[in-house]
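Have a look at the structure below before the remarks.
In UniProt numbering, the protein residues as written are 1 to 199.
Shown next, in the form of structure tokens:
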């Protein structure tokens, strides 16, 4: 499998051609890129606006085998690996999953204006409203500038846990970052957002 090459086509849907060229040069991105200024690829294929459904696993004939973002969802990553390795994909027995309910104090936090060299923190409180323990299986962030600190212990019914989200800007500018929490709650995955202006 290591010997094979995987063909990748990069399509960037943006009307800001100069800005995209600047970013690609700044990041020393050395691969061919198609700049789709008219968003033609999206219009032709009717892609979902949800980031979670904008990644596809294709077979050798370019037929879609699975849809989902393996970076943001560990279950999708597991599914992709099983398909790639040729494993049989069976249905999940939902009765074996002990789900609970969770209440969140807020799903979005504004960090306001601050000097871009400063580190900023937001705290989200998750309360277990069900009658089974709450387990966090994974937490993913939309970029490396965001990290999350939380207890790995199960949360008993009626108890709460704190998710501490830490943001450290790479450069000045407005930001909006997504944090995705995977757990055994009916509402999983839970999407949280932080935003602000690093000056």
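Ideal placement from N, C-alpha and C gives every residue a C-beta, glycine not left out.
Setting aside the 5 residues that flank it on each side, residue 59 is surrounded in the same chain by 65, each with a C-beta closer than 8 angstroms to its C-beta; the list follows chain order.
Contact between the segment 118-126 and the segment 151-163 is present: three or more C-beta pairs spanning the two stretches fall below 8 angstroms.
By DSSP's assignment, residue 193 forms a beta bridge with 108 and 178. Boundaries for residue 167: no alpha helix (DSSP H) harbours it, while the beta strand (DSSP E) harbouring it runs 160-168, taken from the DSSP string. Secondary structure of residue 71 (DSSP, three-state): coil.
In the displayed model, residue 156 falls within coil according to three-state DSSP, outside both helix and strand. Residue pairing of residue 55 in beta bridges, as defined by DSSP: absent, with no partner found. Exclusion of the five residues before and after residue 100 leaves 128, 129, 130, 131, 132, 133, 134, 157, 184, 185 and 186 as the residues of its chain whose Cβ lies within less than 8 angstroms of its Cβ. Residue 53 is classed as exposed because its beta carbon has fewer than 16 other beta carbons within 10 Å across all chains shown. If you keep only unbroken beta strand (DSSP E) runs of at least 3 residues inside the segment 17-65, you get 33-35 and 56-58.
The C-alpha of residue 193 is placed about 9 angstroms away from the C-alpha of residue 106. Residue 14 and residue 191 have their C-alpha atoms spaced approximately 25 angstroms apart.
Within 10 angstroms of the beta-carbon of residue 8 lie fewer than 16 other beta-carbons, which makes it exposed.
Straight across, the Cα-Cα distance linking residue 28 with residue 87 is about 37 angstroms. In the structure shown, residue 199 adopts coil according to DSSP, grouped into three states. Looking at the DSSP output, residue 12 bridges to 35.
In summary, residue 73 is buried, with 16 or more beta-carbon neighbours lying within 10 Å of its beta-carbon over all protein chains present. Under the DSSP definition of a beta bridge, residue 128 partners with 102. Within the model, the alpha-carbon separation for residue 177 versus residue 142 is close to 6 angstroms. Restricting attention to 37, 197, 78 and 61, the CA atom closest to the CA of residue 174 is found in 197. With a beta-carbon spacing of about 32 angstroms, residue 172 and residue 182 fall beyond the 8 angstroms limit used to define contacts.
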